[in-house]
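>
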Amino acid sequence: MRVSYSDDTCLVIDDFPDRDAFRRLSMSIQFVDYEPIHSTKWNKPYGPPGLPIIQSAGVLRGQKQSTPPRLGLIGDFVDQLRNSRAPISDGPGAGVVGSRILTGKLIAMGAGAGLFWHADTDQVNGAYIFYVHPRWDSSWGGELMVMDGAAELGVGALADSAGGGAERPDYESLGAVIGPDFRTDPAEERRMQIGTGRFYTARPNRLVLINGQVEHRVNPVLPAAGDQFRCSIVGFGIK
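Numbering (this note's numbering), first residue to last: 3 to 241.
1) Taking DSSP as the reference, what is the three-state secondary structure of Gly74?
2) So is Tyr7 buried or exposed if we call it buried at 16+ other beta carbons inside 10 Å?
3) Taking only the alpha-carbon atoms, compute the straight-line gap between Ser2 and Leu73 and give it to the nearest angstrom.
4) CB-CB under 7 Å to Gly167, same chain, minus the five flanking residues each way: which ones, in chain order?
5) Assess, as a yes-or-no matter, whether the region 83–98 is touched by the region 195–205 under the definition of 3 or more beta carbon pairs within less than 8 Å.
6) Can you tell which of Arg219, Leu224 and Cys233 has its C-alpha closest to the C-alpha of Gly49?
7) Per DSSP, what kind of secondary structure is Phe24 in: helix, strand or coil?
8) Applying the criterion that 16 or more other CB atoms from any shown protein chain within 10 Å of the CB defines a buried residue, is Ala204 buried or exposed?
9) Sorted by chain position, which residues of the same chain lie with C-beta nearer than 7 Å to Pro51's C-beta, five sequence neighbours on each side aside?
10) Tell me, please, which residues DSSP counts as bridged to Phe201.
11) By how many angstroms is the C-alpha of Asp10 removed from the C-alpha of Ser58?
12) Please report the straight-line C-alpha distance between Arg4 and Ser86, rounded to a whole angstrom.
13) Shortest alpha-carbon distance to Leu53 belongs to which of Glu217, Gly106 and Phe118?
14) Quick check on Asp22: buried or exposed, where buried means 16 or more other Cβ atoms within 10 Å of its Cβ?
15) Between the Cα of Phe18 and the Cα atoms of Ala115, Glu191, Ile90 and Gly239, which residue gives the shortest distance?
16) State the start and end residues of the unbroken alpha helix (DSSP H) segment that holds Ala96.
Now the structure itself:
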């Protein structure tokens, strides 16, 4: 395990489990049951329905415990992450490892699929992405893109106003990120004004931890990937 990058928003750890443990984990993902990510509702950050994105059931650790069938090794991974010490438990990782509940599920993206710019809700302390595919080429896309600067979150207030008939908050003055925004709200102006950030390739056996206030997206998987899926364990530290 080695730290490849660290700042106040992101921590990148390469070779998190040892080689044999990673080989077992990366082989196990082909035996997991998946369903389309849009199967029960439109999961808006992942783009319009019809894109090649599939997901597994979720693992829970902490105040609630759950390990669905065929996800034993995923549960072991979440346990390992939850019990991690420094350097993972420091900086952005502290919000994930020290959370009341830690989640984990497999998400696989095919060519054309990505993730829109967004920040996580104020109900999470942070998120992690662990790349579990056995191979990935830098020409296949799928990079995690992280924007500079902390975001102002407004999704909770907007949802409350939309559901309860209250007056819509003045997001033009707040400059808040209000979730999958169809790129029509002031958050897009903010993104264009900042216009800088970092990217992290989907290197196998790479763990990326980010805090809950940073805007991020996944660059679409390129046609060069062919029938290869970008496979990752994704989870949140729940407050």
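A virtual CB, placed ideally from N, CA and C, is assigned to each residue, including glycine.
Based on what the coordinates show:
1) helix
2) exposed
3) Only positions 3 to 241 of the chain appear in the structure, and residue 2 is not among them; the question remains open.
4) Interpretation of Gly167 is limited by its pLDDT of 48, a score under 50 that renders its predicted location unreliable; no figure is taken from the coordinates.
5) no
6) Arg219
7) helix
8) buried
9) His40 and Trp44
10) Met147
11) 30 Å
12) 13 Å
13) Phe118
14) exposed
15) Ile90
16) Pro94 to Val99
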